[in-house]
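A short worksheet on the structure shown next.
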Amino acid sequence: MNSIFVVSLFVIMVITFIFDHRKLKSQKKSLRWFYYGMFAITFAVYLCSISGVPLPMPTAFFLHKVSPWVYSLIQL
308 MNSIFVVSLF
318 VIMVITFIFD
328 HRKLKSQKKS
338 LRWFYYGMFA
348 ITFAVYLCSI
358 SGVPLPMPTA
368 FFLHKVSPWV
378 YSLIQL
């Protein structure tokens, strides 16, 4: 990723978190936990992409495992 994109994405994430954090104080506790959990997952994916850690993607599983299996079934 381009460094400008990485920095701008981080700034947007922080600003959004700050504005949402103010409004979340009046929400139910379950909604707050859901928001914080989704933000933590998003931030973890962001950190993994910055540090170069490859994340397993479902499309790779289908491409390498399921698709050849279906193709072999169709050929029979």
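Just remember that the numbering used here sits 307 ahead of the position in the sequence shown, which is counted from 1. For each residue, glycine too, the CB sits at the ideal point set by N, CA and C. Computed from a prediction, not measured in an experiment: that's the story for all the values here.
Is residue i near the ligand GTP, judged by its Cβ being under 7 Å from some heavy atom?
i: Ile348; result: Absence of the ligand GTP is noted for the structure shown, with no ligands found whatsoever.
Tell whether a beta-carbon distance below 8 Å holds between residue i and residue j.
i: Ile357; j: Val313; result: yes
i: Leu354; j: Tyr342; result: no
i: Val373; j: Leu362; result: no
DSSP three-state call for residue i: helix, strand or coil?
i: Leu362; result: coil
i: Ile334; result: One detail in the question is off: residue 334 reads as Gln in this sequence, not Ile. Reduced to three states, the DSSP call for Gln334 is coil.
Thinking residue i and residue j are a contact (beta carbons under 8 Å), I'd like their distance in whole angstroms, please.
i: Phe368; j: Phe346; result: Wrong, their Cβ atoms sit about 26 Å apart, outside the cutoff.
Could you give the first and the last residue of the continuous alpha helix (DSSP H) run that contains residue i?
i: Val377; result: 374 to 382
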